[in-house]
């Protein structure tokens, strides 16, 4: 068996980037995956996510003999850089990265540079229940995924606020007005942190006349004119930010600490359940609740991608398949665990599993799906890049 | 009979140890040189046979470059000046007293405390919602909410400077204590005091010039480190813009690869800045010496002495207290249930954070200890070999000292990115091996520095006696010198372990992210700002670094309990 596997690997070696095992031959994938170690590069700044990843690792080790090592990143771009360095150095096999938690600009960059293995995602058994109709799981920031990445969690922008100090606000303008009346009580993570960039995009969508232009690359529109309302807005808001905008929290979770220390009353989050989980973990005051804007907030999916030079592609597929399974999705949506939105169409699930999703309790600060309101599409990734650069020049280097 | 044969063998091959000093230098300088080359090549296009200025122009065009440069220079120079000033005043005002012994006991374990852990602790201490503010609110300050004050991450880098000073004072103090015996300080002090000079003035005029000559290189190391630190600057430094070294790491991890050329170019700029700052410092030394001579000639006996003495002790105590209180704060966070402002203490205690992070921390504990053990052992073998070669062949000790310090003087951000690219391009996989090799680069100088003093101070008459009794050089080494130097060997090992445990950037880059030590995990968690998790990881990290120091104290006490005369060095 082992020598047969070795022989087939040797035969296929010139086709680096191609599947050692055909993703649609699931039995063969399982067989090859048994005994493999998957280095999953995923952001390691959140305690609850780390715990979930560790649980998923235990489960695939138990069921499929796949060992998962969580490489805790401070920035997803580190993993992208790593794969790129390996290709430059000619290391086309058994690279350091087997699976990446990815989306947006990082995915667009890897896909464009042919750094990804695939297509594979839509051949997985768990794909059956993925909600391709109702959720944006086949485009990633407007870029078609084409089976090069598998969705595993849905996210939507919400604002966390301390109900002891303020009321929900209906729009970006209202937030600026509130900040003017309560200076120093609001801030956002410093771009290019993805949540900080998300704040800029959310503000832009709310302020721009026709959000449809944001679905096209920046090069196809008048950047100056489109973004002018955003910079005018920030000009007005910044002096009223925490520390007058002279310092920013470096990541999303750091906002939790600021809220807990009562330094701020309002913060942006990309996970509708983050506040509830944080309250349960003593990381936020019990009075924190969440709200969304009247015109809707940005939503997107978290994906999993496999680099072209992974030495454990089968193991990575097995892990991705498990993460999309009803068992893992149910656990991820449990507010006691993660509270991430599921990518599955729960109505299509077998009755027992569908009911399990229905009866999941909502966290104390979590809005129900209907309260979450309209989900807005992510702009094209080029907008994030352009906004980040512009922000850096205006506010990041003064 | 066997001894005779062995001695004959040694005579036949007297050059056996000769290559060791060279090997030691190669182990340290090889990676540095290779790293510099691989950093330089992409920035300048040298690897493709062209010389391009594009990357340098892009760095110069970055709007934050002037501010980031100013920050790196200012915080580095201020931190070094502050640490040196406090160290000097403590030594001048208090060496030889009981109060000094107490302060020394308080400060020396802080050397083992990893920089990142110290920085976290200090950040929690001094923030407007931090421990000090909590203790005084609302009864004294009237604050029901923390004030909107920019204390941590201030644009002038004052918090960063303070954090660096607190962490560098123990280093300079221990380096000075090691050098002090060679300056004949007590004799000089006695003469100065007999002539009516005050304690501080007498020290500054008689002992300090000789002492400074001995600790000049450690001072330069402090300067280079303070200017180029990444982990401390991320936690305590400003971000709009950040210091140059932090910006280099940001460019290095940008998804757009073109940014890596910028990182490389900026790394060279960083290198030039450090070299320039050291040159500037050297000029200041010369100027200070000239002024100092004039001051000595005035013959003033030191009216301000009592004030200077008190200032030295208080600042020394404050810097130790800040680090220790910060660590206690983290310890409390690691067992805290809800803890909101302005409560001075948590509502309740819980073991939840330890249950949650303990198992993971234990895994990393093992990896961290393994890396530290191998790197330190290798460094010890190379150091002992080199020193023994020096003894046997009468090599001059001082010539290579500059080279020894080189890895500590070159900013890590200038050559570590290159080490990563270099490892990949020669087809060496990243992992434990390269991490250990890179750690040796940084561990070796410290091990060498802490062992060389006691080794060279070893009474040669003991060796002569052994030789007259018929013991060959090997036998003398194994049976006499090493056993008698056990305390010094253990201290060197403890210092080496602490250095290895604290390495962040080398582990991250040479390990390709696959090697998770307590330090890399703690810094990754820091980005999430969860103080409970940071508390658990920082405490575990501190524990690994402290244990060897405890052993270094306990083992000789047990070994030599009936042989007090053996406790050499």
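Residue numbers (the UniProt record's numbering), protein chains in the order written: chain A, 1 to 398; chain B, 1 to 569. Glycine included, every Cβ here is placed at the ideal spot set by N, Cα and C.
Who are the near neighbours of residue i in its chain, counting only those whose CB is closer than 7 Å to its CB and skipping five residues on each side?
i	result
residue 229 of chain A	207, 208
residue 226 of chain A	208, 213
residue 97 of chain A	39, 41, 79, 82, 83, 307, 310
residue 532 of chain B	333, 334, 336, 353
residue 365 of chain B	518, 540, 544
residue 312 of chain A	36, 37, 38, 98
State the beta-bridge partners of residue i as determined by DSSP.
i	result
residue 485 of chain A	In the structure as shown, chain A starts at 1 and stops at 398, and residue 485 of chain A therefore has no counterpart that could be examined.
residue 72 of chain A	A:42
residue 153 of chain A	A:302
residue 186 of chain A	A:266
residue 297 of chain A	A:375
residue 563 of chain B	Paired residue(s): none; residue 563 of chain B is not in a bridge.
residue 336 of chain B	B:349
residue 67 of chain A	A:37
residue 140 of chain A	A:143
Identify whether residue i lies in helix, strand or coil by the three-state DSSP scheme.
i	result
residue 378 of chain A	coil
residue 198 of chain B	coil
residue 158 of chain A	strand
residue 241 of chain B	coil
residue 29 of chain B	helix
residue 130 of chain A	strand
residue 459 of chain B	coil
residue 8 of chain B	Confidence at residue 8 of chain B is low in this model, with a pLDDT of 45, below 50, so the placement of that residue should be treated as unreliable; the coordinate-derived value is given next. Residue 8 of chain B: helix per DSSP, three-state reduction.
residue 291 of chain A	strand
residue 209 of chain B	helix
residue 21 of chain A	coil
Distance check for residue j and residue i, CA to CA, integer angstroms please.
i	j	result
residue 316 of chain A	residue 534 of chain B	30 Å
residue 324 of chain A	residue 119 of chain A	16 Å
residue 121 of chain B	residue 147 of chain B	20 Å
residue 362 of chain A	residue 108 of chain A	34 Å
residue 296 of chain A	residue 373 of chain A	6 Å
residue 305 of chain A	residue 254 of chain B	18 Å
residue 328 of chain A	residue 406 of chain B	52 Å
residue 123 of chain B	residue 370 of chain A	41 Å
residue 499 of chain B	residue 447 of chain B	9 Å
residue 341 of chain B	residue 246 of chain B	31 Å
residue 196 of chain B	residue 190 of chain B	10 Å
residue 231 of chain B	residue 213 of chain B	30 Å
residue 178 of chain A	residue 144 of chain A	39 Å
residue 81 of chain B	residue 258 of chain B	38 Å
residue 61 of chain B	residue 209 of chain B	44 Å
residue 16 of chain A	residue 93 of chain A	Since pLDDT at residue 16 of chain A reaches only 39, below the 50 mark, its modelled position is unreliable, and the value read off the structure follows with that caveat. For residue 16 of chain A and residue 93 of chain A, the distance between alpha carbons rounds to 7 Å.
residue 18 of chain B	residue 420 of chain B	32 Å
residue 574 of chain B	residue 33 of chain B	Outside the shown range of chain B, which is 1 to 569, sits residue 574 of chain B, and nothing can be said about it.
residue 179 of chain B	residue 28 of chain B	24 Å
Quick check: is the beta carbon of residue i nearer than 8 Å to any beta carbon in chain C?
i	result
residue 92 of chain A	Looking for chain C here will not work: the only protein chains present are A and B.
Can you give me the Cβ contacts of residue i inside the same chain, cut-off strictly under 6 Å, excluding the 5 residues immediately before and after it?
i	result
residue 165 of chain A	265
residue 149 of chain B	128
Got a sec? Which residues, its chain only, sit under 8 Å from residue i by beta carbon, not counting five neighbours each side?
i	result
residue 130 of chain A	137, 151, 324, 343, 344, 345
residue 361 of chain B	518, 521, 536, 537, 540
residue 46 of chain A	253
residue 285 of chain A	162, 164, 259, 260, 262, 279
Can we count residue i as close to the ligand COA, meaning its CB is less than 7 Å from some heavy atom?
i	result
residue 139 of chain A	Looking for the ligand COA in the displayed structure turns up nothing, as the structure carries no ligands at all.
Check your understanding: Can you find at least 3 beta carbon pairs, one from the segment 84-95 of chain A and one from the segment 48-58 of chain A, that sit closer than 8 Å?
Key -> The segment 84-95 of chain A makes no contact with the segment 48-58 of chain A, as fewer than three CB pairs between them are under 8 Å.
Check your understanding: Is the segment 69-76 of chain B in contact with the segment 215-227 of chain B, if contact means three or more CB pairs nearer than 8 Å?
Key -> Here the segment 69-76 of chain B lies against the segment 215-227 of chain B, with 3 or more beta-carbon pairs under 8 Å apart.
Exercise for review: Decide if the segment 299-311 of chain B is in contact with the segment 195-206 of chain B; the criterion is three or more beta carbon pairs, one per stretch, under 8 Å apart.
Suggested key: Touching, yes.
Practice item. Spell out a yes or no on whether the segment 226-244 of chain B and the segment 368-377 of chain B are touching, meaning 3 or more CB-CB pairs, one atom from each, closer than 8 Å. Key: At 8 Å Cβ cutoff, the stretches do not touch.
Review point. Quick one: any contact between the segment 264-273 of chain B and the segment 150-159 of chain B, if contact means 3 or more CB pairs under 8 Å?
Key: Contact between the segment 264-273 of chain B and the segment 150-159 of chain B is absent, because fewer than three Cβ pairs lie under 8 Å.
Point to revise | Inter-stretch contact at 8 Å, needing at least 3 Cβ pairs: the segment 433-450 of chain B / the segment 274-285 of chain B | key: By the Cβ criterion, the segment 433-450 of chain B is not in contact with the segment 274-285 of chain B, since fewer than three pairs of Cβ atoms, one from each stretch, lie closer than 8 Å.
Practice item. Flag this pair as touching only if the segment 306-322 of chain B and the segment 283-296 of chain B have three or more C-beta atom pairs under 8 Å; answer yes or no. Key: Flag = no, the segment 306-322 of chain B and the segment 283-296 of chain B do not touch.
**Study point:** Touching by the beta-carbon criterion (3+ pairs, under 8 Å), the segment 375-395 of chain B and the segment 18-25 of chain B
**Key:** Using a C-beta cut-off of 8 Å, the segment 375-395 of chain B makes contact with the segment 18-25 of chain B, since at least three inter-stretch Cβ pairs fall below that distance.
Exercise for review: Indicate whether the contact test is met: 3 or more Cβ pairs, each with one atom in the segment 113-127 of chain A and one in the segment 381-395 of chain A, closer than 8 Å.
Suggested key: No, the segment 113-127 of chain A does not touch the segment 381-395 of chain A.
Practice item. May I ask you to verify whether the segment 130-141 of chain B touches the segment 284-294 of chain B, counting CB pairs closer than 8 Å and requiring at least 3? Key: Judged by Cβ distances under 8 Å, the segment 130-141 of chain B makes no contact with the segment 284-294 of chain B, as fewer than three pairs qualify.
Check your understanding: Does the segment 343-359 of chain B touch the segment 374-382 of chain A, meaning 3 or more C-beta pairs lie closer than 8 Å?
Key -> Note that the segment 374-382 of chain A does not touch the segment 343-359 of chain B; fewer than 3 beta-carbon pairs, one per stretch, sit closer than 8 Å.
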